[in-house]
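Take our numbering: the final residue in the sequence shown is number 495, and no numbers are missing along the way.
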Amino acid sequence: MIKTDFSNYNEYIDFLVSKKVAVIGLGIGNIDLFKYLAQKGVNITGFDKSDDFDMLKNDLLKYSNASIITGQDYLDKLINFDIIFKTQSMRRDIPQLQNAVNNGAVLTSEMWEFVKYCKAKIIAVTGSSGKTTTTTLIGEFLKQQGYKVWVGGNIGTPLFHRLNDINYNDYVVLELASCQLQMFGHKSPDISVITNITPNHLDFHEDYDEYIYCKSIIYKYQKPNDIVILNDDNDITRSLRETVHSKAYMFTRTSKYDKKESKEGAYISDDAIYVNVEGKINKVLDIKDIKIPGKHNIENYMAAILATYSLVNTDTINHVAKNFSGVEHRVEYVRTINGVRFYNDSIGTTPSRTVASLQSFDQKVILIAGGYDKHIPYDIIGPLINEKVKGLVLMGQTKDKIKEAYNSYACNAPLIEADTLEEAVKKAFDMAREGDIVIMSPASASFDMFKNFEVKGNLYKQIVNSL
Numbered sequence: 029m030i031k032t033d034f035s036n037y038n039e040y041i042d043f044l045v046s047k048k049v050a051v052i053g054l055g056i057g058n059i060d061l062f063k064y065l066a067q068k069g070v071n072i073t074g075f076d077k078s079d080d081f082d083m084l085k086n087d088l089l090k091y092s093n094a095s096i097i098t099g100q101d102y103l104d105k106l107i108n109f110d111i112i113f114k115t116q117s118m119r120r121d122i123p124q125l126q127n128a129v130n131n132g133a134v135l136t137s138e139m140w141e142f143v144k145y146c147k148a149k150i151i152a153v154t155g156s157s158g159k160t161t162t163t164t165l166i167g168e169f170l171k172q173q174g175y176k177v178w179v180g181g182n183i184g185t186p187l188f189h190r191l192n193d194i195n196y197n198d199y200v201v202l203e204l205a206s207c208q209l210q211m212f213g214h215k216s217p218d219i220s221v222i223t224n225i226t227p228n229h230l231d232f233h234e235d236y237d238e239y240i241y242c243k244s245i246i247y248k249y250q251k252p253n254d255i256v257i258l259n260d261d262n263d264i265t266r267s268l269r270e271t272v273h274s275k276a277y278m279f280t281r282t283s284k285y286d287k288k289e290s291k292e293g294a295y296i297s298d299d300a301i302y303v304n305v306e307g308k309i310n311k312v313l314d315i316k317d318i319k320i321p322g323k324h325n326i327e328n329y330m331a332a333i334l335a336t337y338s339l340v341n342t343d344t345i346n347h348v349a350k351n352f353s354g355v356e357h358r359v360e361y362v363r364t365i366n367g368v369r370f371y372n373d374s375i376g377t378t379p380s381r382t383v384a385s386l387q388s389f390d391q392k393v394i395l396i397a398g399g400y401d402k403h404i405p406y407d408i409i410g411p412l413i414n415e416k417v418k419g420l421v422l423m424g425q426t427k428d429k430i431k432e433a434y435n436s437y438a439c440n441a442p443l444i445e446a447d448t449l450e451e452a453v454k455k456a457f458d459m460a461r462e463g464d465i466v467i468m469s470p471a472s473a474s475f476d477m478f479k480n481f482e483v484k485g486n487l488y489k490q491i492v493n494s495l
């Protein structure tokens with residue numbers, strides 16, 4: 029049986045040099061890992077369905093120990109490897125991986141090995157929505173307080189190859205997806221946050237229960253003095269409180285504070301965020317000072333404040349709140365044309381995300397929605413259309429599901445269909461009048477027409493800017 033745990037990172041690298049290693053998926057998450065292990069002398073093979081790696085192949089000419097296998101049948105050649113680093117978007121139980129494991133291979137991931145060997149304190153965030161904004165806020169709080177901070181994970185920055193650069197006194201802030209957490213074993217982050225849980229990624233997970241379980245792994249292996257932060261307004265995360273064995277802090281935007289009944293955590297009173305920890309209640313931030321719009325962003329601030337409560341002061345939090353403009357593709361203002369404001373919310377990849385985003389506005393909007401079908405329910409979007417939408421432009425695989433929700437709630441907003449994003453934007457603009465808001469928030473993933481939500485968001489902005 030192959031040993032999998034070592035006393036430090038350098039021992040682990042030395043171990044890999046003595047083994048035959050595979051890296052599956054050469055996208056953002058694994059390409060740096062692959063190049064780094066090649067440089068370290070590991071006998072390594074990269075696997076990817078795409079053939080578009082000419083530059084990488086040229087780079088590898090100087091490494092006799094490295095090779096890549098590409099094409100539609102690339103996994104058929106996954107034979108006789110000792111260690112396999114899996115891409116996060118691939119289920120661990122596909123036949124090729126199971127055959128390799130049955131033949132003695134160890135299946136792992138870049139993120140799990142990073143967490144295992146990281147010397148610094150780790151603050152990690154997961155959830156169905158709000159992950160990136162909350163992760164970014166935590167990083168900003170810590171940076172403004174003067175800490176050396178490393179932000180990475182699902183937010184797009186791999187960190188495994190930087191482990192020797194990360195010191196004990198640094199802080200690591202990670203955004204973690206359910207498919208990344210699925211690979212975790214006996215260690216959880218020191219401080220863990222679950223922003224909320226709603227149906228998502230049911231095209232990847234067997235069912236909703238598996239999705240919820242994978243999210244809960246973020247605190248499953250915590251020590252008694254570690255901290256987990258949960259959303260008390262979300263039914264699922266509230267119920268997870270019973271399974272926590274570390275310190276649990278809850279945050280609520282809707283429940284009033286009661287000195288006798290309230291749990292430790294954060295709450296709203298007099299239009300400000302207060303924190304109740306260890307019997308002490310402190311006002312932290314006036315809601316009016318939060319620059320980015322939306323009730324969901326108040327929740328993101330509450331989670332980030334709790335995650336850093338013992339590490340940063342209120343002056344730092346207030347400074348960030350007044351200056352932080354948000355993360356790209358998240359209710360992002362694009363431009364105003366003839367009095368019509370355009371917003372890009374391509375991160376709105378689930379109905380619940382789109383619901384939260386549209387509640388940021390105090391008027392009805394013209395909504396561009398639809399995209400890749402992740403096999404999640406769309407019933408919650410019907411009431412939203414009635415309440416918040418004055419015109420609807422649908423496109424992509426999910427347009428019929430959204431239309432079904434529209435019809436179920438007898439919505440009366442004009443509905444138009446489009447075949448392309450450019451057509452959708454032009455039809456939305458034709459529908460708009462001075463003072464209106466047009467927002468693209470797909471309530472769906474982007475993979476039916478685009479590589480990811482960033483590509484879709486960038487194209488949307490390009491189209492809007494060309495009007």
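Each residue gets a CB set at the ideal place from its N, CA and C atoms; glycine is no exception.
### Message
Residues in the same chain with beta-carbon distance under 7 Å from Val359, minus the five sequence neighbours each way, listed in chain order, please.
### Response
Excluding sequence positions up to five before and after Val359, its CB lies within less than 7 Å of the CB of Pro321, Gly322, Tyr371, Asp373, Ser385, Ser388, all in the same chain and listed in chain order.
### Task
Pull up the distance between the alpha-carbon of Tyr400 and that of Pro470, whole angstroms please.
9 Å
#### Entry: Cβ-based neighbour list, Tyr337, same chain, cut-off 7 Å, excluding 5 preceding and 5 following
Listed in chain order, the non-local C-beta contacts of Tyr337 below 7 Å within the same chain comprise Val303, Val305, local neighbours out to five positions each way being set aside.
### Query
In the DSSP assignment, what are the bridge partners of Trp178?
For Trp178, which the question treats as bridged, DSSP gives the partners Val200.
### Query
By a C-beta neighbour count over all protein chains shown, 10 Å radius and 16 as the cutoff for buried, is Leu88 buried or exposed?
buried
### Message
Looking at the secondary structure, which residues open and close the beta strand (DSSP E) in which Tyr277 lies?
### Response
275-279
### Cutoff 8 Å: Ala331 Cβ touching any chain C Cβ
No chain C appears in this structure, which consists of one protein chain only.
### Task
Please name the residue in Lys77, Asn93, Phe113 whose C-alpha comes closest to that of Leu103.
Lys77
### Task
Could you give the DSSP three-state label for Ser95: helix, strand or coil?
strand
### Message
Output needed for His347: all residues of its chain with C-beta closer than 8 Å, excluding positions within five of it in sequence on either side, in chain order.
### Response
Gln172
### Query
For Tyr249, which residues from the same chain have a beta carbon less than 8 Å from its beta carbon, with the 5 sequence-adjacent residues on both sides left out?
Phe212, Gly213, His214, Lys215, Ser216
### Task
Could you check which residue in Thr382, Lys427, Asn435, Lys402 has the C-alpha nearest to that of Lys416?
Thr382
### Message
Closer than 7 Å to a non-hydrogen atom of the ligand HEM - does that hold for the CB of Asp101?
### Response
Among the ligands in the structure shown, none appear at all, so the ligand HEM cannot be discussed.
### Query
For the beta strand (DSSP E) that Lys418 lies in, which residues bound it at each end?
Unbroken beta strand (DSSP E) run through Lys418: 417-422.
### Query
By a C-beta neighbour count over all protein chains shown, 10 Å radius and 16 as the cutoff for buried, is Asn293 buried or exposed?
The amino acid at residue 293 is misidentified as Asn; the sequence shows Gly. It is buried - the Cβ of Gly293 has at least 16 other Cβ atoms within 10 Å.
#### Entry: Best match in Glu327, Lys392, Asp317 for proximity to Phe352 [C-alpha to C-alpha]
Asp317
### Task
Using DSSP bridges, identify the partner residues of Met468.
Asn372, Ile396
### Query
Mapping DSSP to helix, strand and coil, what is Asn71?
strand
### Query
Mind checking whether Ile333 and Ile301 have CB atoms under 8 Å apart?
yes
### Segments assigned beta strand (DSSP E), at least 3 residues, entirely inside the segment 72-144
94-98, 111-113, 134-136
### Query
Beta-carbon separation of Asn58 and Phe113 under 8 Å?
yes
### Query
Measuring CA to CA, which of Gly398, Glu462, Phe478, Asp390 is closest to Ile444?
Gly398
### Proximity of Met423 and Asp447 at Cβ, strictly below 8 Å
yes
### Gln208 burial status per 10 Å Cβ neighbour count (16 or more: buried)
buried
### Extent of the continuous alpha helix (DSSP H) to which Tyr249 belongs
Tyr249 -> no alpha helix (DSSP H), and no H or E assigned at all.
### Task
Determine, using beta-carbon pairs with one atom in the segment 240-255 and one in the segment 190-198, whether at least three such pairs fall under 8 Å.
no
### Task
Taking only the alpha-carbon atoms, compute the straight-line gap between Thr426 and Ser92 and give it to the nearest angstrom.
So the two alpha carbons sit approximately 47 Å from each other.
### Inside the segment 296-372 only - alpha helix (DSSP H) runs reaching at least 4 residues
323-335, 342-351
### Task
Taking 8 Å as the cut-off, decide whether the C-beta atoms of Ala133 and Asp110 are in contact.
yes
#### Entry: Test item: CB-CB of Thr282 and Thr223 under 8 Å
no
### Query
Within 10 angstroms of its Cβ, does Ser95 collect 16 or more other Cβ (buried), or is it exposed?
Using a 10 angstroms sphere on the CB of Ser95, the tally of other CB atoms stays under 16, which defines it as exposed.
### Query
Per DSSP, Glu445 is paired with what?
Leu422
### Task
Classify Val466 as buried or exposed, calling it buried when 16 or more other Cβ atoms lie within 10 Å of its own Cβ.
By the neighbour-count rule (16 or more Cβ atoms within 10 Å), Val466 is buried.
### Query
Do you know whose CA, among Pro252, Gly158, Lys484, Lys291, lies nearest Ile396's CA?
Lys484
### Task
Could you spell out where the beta strand (DSSP E) holding Asn259 opens and where it closes?
255-259
### Task
Could you tell me the boundaries of the alpha helix (DSSP H) in which Val221 lies?
Per DSSP, Val221 belongs to no alpha helix (DSSP H); it is in the beta strand (DSSP E), 219-222.
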